[in-house]
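Here the structure comes first, spelled out in structure tokens, and everything after it is commentary.
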Amino acid sequence: MNKTKENINSITPRSKDYSKWYLDVIDAAELAENSPVRGCMVIKPNGYAIWENIQKVLDNMFKLRGVKNAYFPLFIPKSFFEKEAEHVEGFAKECAIVTHHRLNLNKERKLVPAGLMEEPLVVRPTSETIIYSMYAKWIHSFRDLPMLINQWANVVRWELRPRPFLRTTEFLWQEGHTAHSTKEEADETTLQMLEVYRDFAEDYLAIPVIKGIKSESEKFAGAAYTACIEAMMQDGKALQVATSHMLGQNFAKPFKVKFTDENGNEQYVWQTSWGMSTRIIGALIMTHSDDKGLIIPPKIAPMSVVIIPIWSKDHDKKDVISKANNIATKIIAEIGQVVHIDERDERPGSKFYDWEKKGIPLRIEIGPRDIINNTIVAVRRDTGSKIEVSLTNLVPKIKELLNSIQSDLYKRAFQYREKMTQEVDSYKAIKNILADKGGFVIAYWCGDQKCESKVKKETTATIRCIPFEQKQEKRKCIICGKETSTRVIFAKAY
RNA sequence: CGGGGAUUGGCCUAGUGGUAAGGCGCAGCGUUCGGGACGCUGAGAUCGGGAGUUCGAAUCUCCCAUCCCCGACCA
2 MNKTKENINS ITPRSKDYSK WYLDVIDAAE LAENSPVRGC MVIKPNGYAI
52 WENIQKVLDN MFKLRGVKNA YFPLFIPKSF FEKEAEHVEG FAKECAIVTH
102 HRLNLNKERK LVPAGLMEEP LVVRPTSETI IYSMYAKWIH SFRDLPMLIN
152 QWANVVRWEL RPRPFLRTTE FLWQEGHTAH STKEEADETT LQMLEVYRDF
202 AEDYLAIPVI KGIKSESEKF AGAAYTACIE AMMQDGKALQ VATSHMLGQN
252 FAKPFKVKFT DENGNEQYVW QTSWGMSTRI IGALIMTHSD DKGLIIPPKI
302 APMSVVIIPI WSKDHDKKDV ISKANNIATK IIAEIGQVVH IDERDERPGS
352 KFYDWEKKGI PLRIEIGPRD IINNTIVAVR RDTGSKIEVS LTNLVPKIKE
402 LLNSIQSDLY KRAFQYREKM TQEVDSYKAI KNILADKGGF VIAYWCGDQK
452 CESKVKKETT ATIRCIPFEQ KQEKRKCIIC GKETSTRVIF AKAY
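For the first sequence, this note's numbering begins at 2 and goes up steadily by one.
Given below as structure tokens:
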């Protein structure tokens with residue numbers, strides 16, 4: 002029996018062991034024993050190409066809203082962290098710290114750290130502190146505001162239990178940092194950037210998300226409040242896909258980010274920060290993949306069409322490949338999609354599985370039969386359906402297929418989420434659902450942290466968010482019975 | 001840091017005291033090629049490390065290391 006086939010069948014997206022599934026199926030990341038550094042990912046070209054597309058699209062969306070890119074140092078003086086009390090507490094436990102600046106060779110020919118530094122440097126877990134130390138120098142007048150800056154960077158968080166894509170020790174992300182003259186404008190920006198993330202997740206990645214606010218215990222350390230988008234994975238667990246924080250003046254005050262307003266009065270700025278990381282690739286995989294491997298939505302796929310020429314005799318091969326080239330050129334020119342022709346000297350079936358595993362949304366088969374009929378066979382990755390397409394109708398048909406794959410992927414994920422979302426009115430019900438089929442549980446909550454932590458303790462589920470969409474009804478908190486109008490989503494999360 | 005489990009060619013696994021076996025993959029040749037091909041040939045492991053028991057250890061004992069899973073922490 003073929004080993005690879007067995008692996009893919011046994012490691013489905015619904016199995017618990019996602020990490021193994023990533024490694025075997027995605028051909029993109031290596032963790033743990035496969036990585037030279039524990040908890041850090043080696044992202045191979047196939048996986049990185051997805052990230053590059055994400056960067057390209059998001060970056061454009063930011064720029065359309067006046068955001069500019071900049072870059073700040075990887076190392077942050079320890080004292081910067083100590084300036085904001087809540088922020089230190091949130092991150093102190095999980096930081097990598099640089100304490101020495103050289104290595105000496107000892108008698109045993111081992112390298113030992115030397116040159117102890119006066120002030121240790123923290124490898125950035127996030128850049129608020131170092132960026133705002135610069136903002137204090139850059140911002141003087143209301144004319145300097147708003148300041149809208151984004152950084153594409155790597156960050157390090159020494160988490161206890163890493164998981165590929167979802168929680169790696171080092172990860173790549175984008176972090177936006179803005180400063181405004183009024184609270185209202187900062188509030189607005191927090192929501193505006195959250196909307197950018199929603200749009201991107203739903204429109205490009207075909208991942209349906211729910212917008213909401215984090216509870217006090219789940220918010221970003223140092224934020225006034227944290228807005229987020231939450232998605233549901235195929236095992237019913239929740240994944241936070243992106244966050245947008247309203248920082249209030251919590252950083253402006255300790256970092257003295259001040260400006261003079263129109264009336265000549267000195268004021269502290271109002272700030273926001275927002276980010277999306279390589280975790281989003283994990284979300285993409287865990288939302289759309291099936292037992293055959295990845296499925297990448299056409300709008301974000303590094304390559305949306307793969308052409309498999311099929312031949313048995315040498316003269317067929319020549320015809321078929323020249324035809325494949327014609328078609329590729331046409332699709333590239335008229336649809337602007339990346340196309341690859343797989344000319345490897347392998348059996349067609351073997352190539353089919355290869356590209357299905359990698360998640361390429363559309364496959365085109367061209368064989369001697371098609372040459373005679375003036376057709377091609379197009380195969381959708383999401384449904385597996387085979388469609389014979391006449392060459393005269395090629396371009397509009399391919400366009401249509403790609404569009405329909407994109408929207409069907411979204412629909413499928415949305416329907417699954419709806420199916421796995423239940424509203425409950427008793428504590429017993431929430432416990433049963435979470436223990437049984439999982440998914441999202443919508444329930445009324447009084448806002449008390451005690452009720453929240455009781456649920457977490459007894460079910461391991463947390464409040465994923467308080468959705469923006471609320472019914473204006475008075476009900477009872479399902480935990481303590483106190484009257485409330487707040488509906489929240491409980492779920493087990495990654 | 002607590003609780004479980006694992007470690008045998010590049011990968012997966014068999015082997016419970018007698019001197020390492022098979023599959024995948026890899027290389028070569030030939031036949032194949034519209035859903036993971038097959039035949040023949042070949043390369044590749046002192047069985048995680050160390051100590052001990054024994055005539056003899058992948059196998060038994062002790063120590064160590066590393067990794068995985070569950071939990072605490074978290075984008």
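Built from N, CA and C at the ideal position, the CB exists for glycine as well.
These numbers come from a predicted model, not from an experiment.
Provide the residue span of the alpha helix (DSSP H) that contains Asn155, from first to last. Taken as a continuous stretch (DSSP letters only), Asn155 belongs to no alpha helix (DSSP H), being part of the beta strand (DSSP E) at Met148 to Val157.
Determine the burial state of Leu24: buried for a count of at least 16 other Cβ atoms within 10 Å of its Cβ, exposed for fewer. Confidence at Leu24 is low in this model, with a pLDDT of 49, below 50, so the placement of that residue should be treated as unreliable; the coordinate-derived value is given next. So Leu24 counts as buried.
From what residue to what residue does the alpha helix (DSSP H) around Pro78 run? Run containing Pro78: none in the alpha helix (DSSP H); it sits in the beta strand (DSSP E), Phe76 to Pro78.
Spatial neighbours of Cys229 in its chain, beta-carbon cut-off 6 Å, leaving aside the 5 residues before and after: Lys215, Gln241, Thr244 and Cys466
At the level of alpha carbons, what is the spacing between Pro39 and Thr170? The amino acid occupying residue 39 in the given sequence is Arg; Pro does not appear at that position. Approximately 8 Å between the Cα atoms of the pair.
Measure the C-alpha to C-alpha separation of Glu484 and Asp449 and round it to an integer number of angstroms. 12 Å
Since Pro114 is in the beta strand (DSSP E), which residue starts that stretch and which ends it? Leu112 to Val124
Would you kindly work out how many angstroms separate the C-alpha atoms of Met42 and Ile281, rounded to a whole number? 14 Å
Excluding sequence positions up to five away, which residues of its chain have a Cβ less than 8 Å from the Cβ of Arg421? Correcting the residue type first, residue 421 is Met in the shown sequence and not Arg. Answer for Met421: Met233, Gly237, Lys438, Gly439, Gly440 and Phe441, listed in chain order.
Status (buried if at least 16 other CB within 10 Å, exposed otherwise) for Asn151: buried
Can you find the residues in the same chain that come closer than 6 Å, C-beta to C-beta, to Trp275, ignoring five residues on each side of it along the sequence? Gly177, Met194 and Ser245
Using 10 angstroms around the beta-carbon of Glu267, count the other beta-carbons present and answer buried if the total reaches 16, otherwise exposed. exposed
With respect to the alpha helix (DSSP H) encompassing Cys452, which residues constitute its N-terminal and C-terminal limits? Gln450 to Thr460
Taking the alpha-carbon positions, what's the Pro165 to Glu453 distance? 28 Å
For Pro74 and Val258, what's the separation of their Cα atoms in angstroms? 19 Å
With 16 other CB atoms within 10 Å as the buried threshold, where does Gln473 fall? exposed
Tell me the rounded alpha-carbon separation between Leu59 and Ser486. 35 Å
Helix, strand or coil at Leu24 [DSSP, three-state]: Per-residue confidence for Leu24 stands at a pLDDT of 49, beneath the threshold of 50, marking its modelled position as unreliable; the derived number appears in the next sentence. Of the three classes helix, strand and coil, the one that applies to Leu24 here is helix, per DSSP.
May I have the straight-line CA-CA distance separating Pro209 from Arg199, to the nearest angstrom? 8 Å
First and last residue of the uninterrupted beta strand (DSSP E) at Gln175: Glu171 to His181
For the beta strand (DSSP E) containing Phe491, name the first residue and the last one. Arg488 to Ala492
Could you check the C-alpha separation between Lys412 and Ser405 for me, to the nearest Å? 10 Å
Which residue spans inside the segment 311 to 389 form an unbroken beta strand (DSSP E) run of at least 3? 340 to 342, 363 to 367 and 376 to 381
Answer yes or no: do Thr62 and Phe201 have a C-beta to C-beta separation smaller than 8 Å? Note that residue 62 is Met in the sequence shown, not Thr. For Met62 and Phe201, yes; Cβs fall inside 8 Å.
Inter-residue CB distance, Lys293 and Glu366 (contact presumed, cutoff 8 Å): Not a contact, Cβ separation roughly 17 Å.
Nearest residue (CA-CA) to Val113, options Lys184, Pro121, Thr100 and Asp317: Thr100
Where do the ends of the beta strand (DSSP E) carrying Thr244 lie? Ala239 to Gly249
Going by beta-carbon coordinates alone, are Val124 and Val89 separated by less than 8 Å? no
Taking 6 Å as the limit between beta carbons, can you name the residues of its chain near Asn70, skipping five residues before and five after? Asn151
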